[in-house]
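Report on the following structure.
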Amino acid sequence: MEGRVRRAKELSSKGENEWMEAEAELRKLTIEETTGARAAKTQAAEVAKAREEAALALADLYAQRGSSDKLTQLLEDLRPLFAVVPKAKTAKIVRAIIDAVSRIPGTTELQVRLCREQAAWAREEKRTFLRQRIETRLASLLFATKDYNGAIALIGTLLSEVKRLDDKLLLVDIHLLESRVHHALRNLPKSKAALTAARTAANAIYVPPAAQAEIDCQSGTLHAEEKDYKTAFSYFYEGFEQLSSVDEKNAGPVLKYMLLCKIMSGDAEDVSGIVNTKAGLKFADSGVDAMQAIAGAYKNRSLKEFQAALDKYSKELTQDIIVHNHLQSLYDKMLEQNICRLIEPYSTVEIAHIAQLIDLPIQVVESKMSQMILDKVFCGTLDQGSGALIIYDDPEVDQAYSHAIETFQTLGGVVSSLMKRSQKIVG
1 MEGRVRRAKE
11 LSSKGENEWM
21 EAEAELRKLT
31 IEETTGARAA
41 KTQAAEVAKA
51 REEAALALAD
61 LYAQRGSSDK
71 LTQLLEDLRP
81 LFAVVPKAKT
91 AKIVRAIIDA
101 VSRIPGTTEL
111 QVRLCREQAA
121 WAREEKRTFL
131 RQRIETRLAS
141 LLFATKDYNG
151 AIALIGTLLS
161 EVKRLDDKLL
171 LVDIHLLESR
181 VHHALRNLPK
191 SKAALTAART
201 AANAIYVPPA
211 AQAEIDCQSG
221 TLHAEEKDYK
231 TAFSYFYEGF
241 EQLSSVDEKN
251 AGPVLKYMLL
261 CKIMSGDAED
271 VSGIVNTKAG
281 LKFADSGVDA
291 MQAIAGAYKN
301 RSLKEFQAAL
311 DKYSKELTQD
321 IIVHNHLQSL
331 YDKMLEQNIC
341 RLIEPYSTVE
351 IAHIAQLIDL
361 PIQVVESKMS
371 QMILDKVFCG
381 TLDQGSGALI
391 IYDDPEVDQA
401 YSHAIETFQT
411 LGGVVSSLMK
421 RSQKIVG
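For what it's worth, UniProt numbering labels the leading residue of the sequence shown as 1, then goes sequentially.
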């Protein structure tokens with residue numbers, strides 16, 4: 001049977017007719033022959049292994065062709081095979097087919113539906129191990145589709161079950177996902193608590209490098225939220241080193257976060273040095289290019305270049321929730337610095353002139369100036385009639401009040417001292 005599986009794989013890489021022949025052969029191995037032997041309930045180990053390989057090869061075949069409907073039907077057709085193979089093998093095949101669907105673009109909603117259906121089937125079949133992992137995958141998909149409330153509800157149910165079973169490795173995955181969801185909801189205390197729980201569970205077992213890298217990256221994300229960018233960089237670096245050897249697909253985004261931390265900590269000049277290292281060149285992608293563009297705009301203090309980078313790399317920057325909030329803060333900081341630098345020589349200046357120098361719309365500049373006045377970045381007022389900014393000198397702080405308070409405090413001390421002495425004399 002192994003020879004038949006191997007031959008079918010070879011045929012699938014050839015023409016259309018050969019592909020159809022390979023599909024027919026693999027379906028025969030996994031579905032038709034299994035149905036005929038269903039009553040036996042047991043099979044030789046080598047036969048079961050060959051049929052497992054055939055099922056995985058068929059899933060890969062459909063994924064390469066983008067046949068999401070055939071993958072969906074395959075899960076139904078394989079039910080007879082699941083009845084005669086060990087539960088662990090069944091779990092492996094089901095998860096592999098869902099993974100195959102995820103490789104097809106635009107199938108997120110289908111993946112959610114598949115996970116719900118397979119979780120319901122696993123519950124009916126009392127396959128707890130498989131159901132819990134499918135539901136964890138479902139919670140991850142709900143998070144990806146921004147159904148945060150649904151994800152939190154499912155995570156809560158899973159945690160209560162998995163804690164009783166003491167499945168530490170699955171607990172790590174669930175707590176990590178919980179931390180990400182709370183971070184997306186901007187609930188940082190709960191996000192940190194979930195990450196701490198993930199670390200505690202991880203400390204009790206051996207954690208695969210990929211899972212440890214996820215813990216480090218989530219730690220970096222939360223430290224970045226607290227503006228501790230140097231510590232965040234060190235965590236992202238640890239995660240990047242581990243992912244670069246075991247999960248190259250996810251190493252690129254982590255490199256992007258490392259560069260973000262360098263920019264946010266004011267070390268934008270270090271970005272090119274990191275990118276030009278051996279590891280940097282290996283994992284350079286559009287996300288890394290985006291951060292290089294942001295670093296260049298920051299070094300040049302150019303809001304125009306900054307906005308151009310945001311427009312050009314919208315997917316990598318504005319659609320990434322981790323990056324977006326930090327870049328918004330950086331943009332506001334750069335805008336404030338530019339305005340302060342330009343208005344410094346003036347006592348009165350037209351808003352339109354400043355907007356022209358910065359190369360931004362007048363409304364944007366006027367709104368920012370108003371906010372800066374309210375935040376007491378500088379003293380001034382906006383003259384709506386003339387469209388000008390009137391800047392005042394910083395008022396001198398009258399020290400009379402502080403001196404008076406110090407005097408009263410000193411007098412209070414003297415009076416208290418005299419009172420104590422008089423009490424001793426009277427006593």
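Ideal placement from N, C-alpha and C gives every residue a C-beta, glycine not left out.
These figures come from a predicted structure and were not determined experimentally.
Whether residue i touches residue j by CB criterion (9 Å)
i, j, result
"Leu169", "Leu154", "no"
"Val246", "Pro189", "no"
"Leu75", "Leu58", "no"
"Ile104", "Ser68", "yes"
"Glu178", "Ala197", "yes"
"Val112", "Leu71", "no"
"Ile98", "Ala55", "no"
"Ala309", "Ile321", "no"
"Glu124", "Leu158", "no"
"Thr108", "Ala144", "yes"
"Arg27", "Asp77", "yes"
"Ile174", "Leu195", "no"
"Lys304", "Ile339", "no"
"Val101", "Ile93", "no"
"Leu327", "Leu317", "yes"
"Ala213", "Leu260", "no"
"Leu176", "Ala211", "yes"
Host alpha helix (DSSP H) of residue i (start-end)
i, result
"Asp69", "Ser68 to Asp77"
"Ser327", "One point to set straight first is that residue 327 is Leu, not Ser, in the sequence displayed. Residues Ile321 to Ile343."
"Ile373", "Ile362 to Leu374"
"Leu169", "Lys168 to Ala184"
"Thr231", "Tyr229 to Val246"
"Val275", "Val271 to Val275"
"Thr136", "Thr128 to Ala144"
"Glu305", "Leu303 to Lys312"
"Thr196", "Leu188 to Asn203"
"Thr108", "Thr108 to Glu124"
"Lys278", "Lys278 to Lys282"
"Ala224", "Pro209 to Glu225"
Range of the contiguous beta strand (DSSP E) that encloses residue i
i, result
"Gly413", "Run containing Gly413: none in the beta strand (DSSP E); it sits in the alpha helix (DSSP H), Ala400 to Val426."
"Asp383", "Gly380 to Asp383"
"Ile391", "Ala388 to Ile391"
"Val84", "First-last for Val84: undefined, no H or E at that position."
"Glu161", "Taken as a continuous stretch (DSSP letters only), Glu161 belongs to no beta strand (DSSP E), being part of the alpha helix (DSSP H) at Tyr148 to Leu165."
"Glu350", "Thr348 to Glu350"
Assigned exposure category for residue i - 16 Cβ within 10 Å defines buried
i, result
"Gln356", "exposed"
"Tyr392", "exposed"
"Leu255", "buried"
"Gln218", "buried"
"Met20", "exposed"
"Arg421", "exposed"
"Lys41", "Note that Lys41 scores a pLDDT of 45, beneath 50, so its modelled location is shaky and nothing firm can be said."
"Ala53", "Residue identity differs from the one stated: residue 53 is Glu in this sequence, not Ala. Flag for Glu53 reads buried."
"Gly252", "buried"
"residue 428", "This structure leaves residue 428 out entirely; the chain is present only between 1 and 427."
"Tyr229", "buried"
"Tyr206", "exposed"
"Val415", "exposed"
"Ile405", "exposed"
"Gly380", "buried"
"Leu192", "Per the sequence shown, the amino acid found at residue 192 is Lys instead of Leu. Label assigned to Lys192: buried."
"Tyr62", "buried"
"Arg38", "With a pLDDT of only 46 at Arg38, under 50, the local geometry of the prediction cannot be trusted, and no value is derived from it."
Supposed close pair residue i, residue j - CB separation, criterion 8 Å
i, j, result
"Ile351", "Ile362", "6 Å"
"Val172", "Ala151", "Incorrect: roughly 17 Å between the Cβ atoms, too far for contact."
"Val364", "Ala388", "Their Cβ separation, rounded to whole angstroms, is 17 Å, which puts Val364 and Ala388 out of contact at 8 Å."
"Ala290", "Tyr313", "3 Å"
"Arg133", "Ala91", "7 Å"
"Gly220", "Ala232", "4 Å"
"His183", "Leu222", "7 Å"
Residue i: CB within 8 Å of a non-hydrogen atom of the ligand COA
i, result
"Gln111", "This structure lacks the ligand COA; in fact it carries no ligand of any kind."
* On the three-pair Cβ rule with 8 Å, is the region 278-290 touching the region 263-270? -> no
* Asked: Are the region 122-136 and the region 156-168 touching, with three or more C-beta to C-beta distances below 8 Å?
  -> yes
* Asked: Pairing CB atoms from the region 326-338 with CB atoms from the region 268-279, are three or more of them under 8 Å?
  -> no
* Three or more C-beta pairs below 8 Å linking the region 364-378 and the region 406-415 -> no
* To do: Taking 8 Å as the threshold, find out whether the region 290-304 comes into contact with the region 223-237 through three or more Cβ pairs.
  => no
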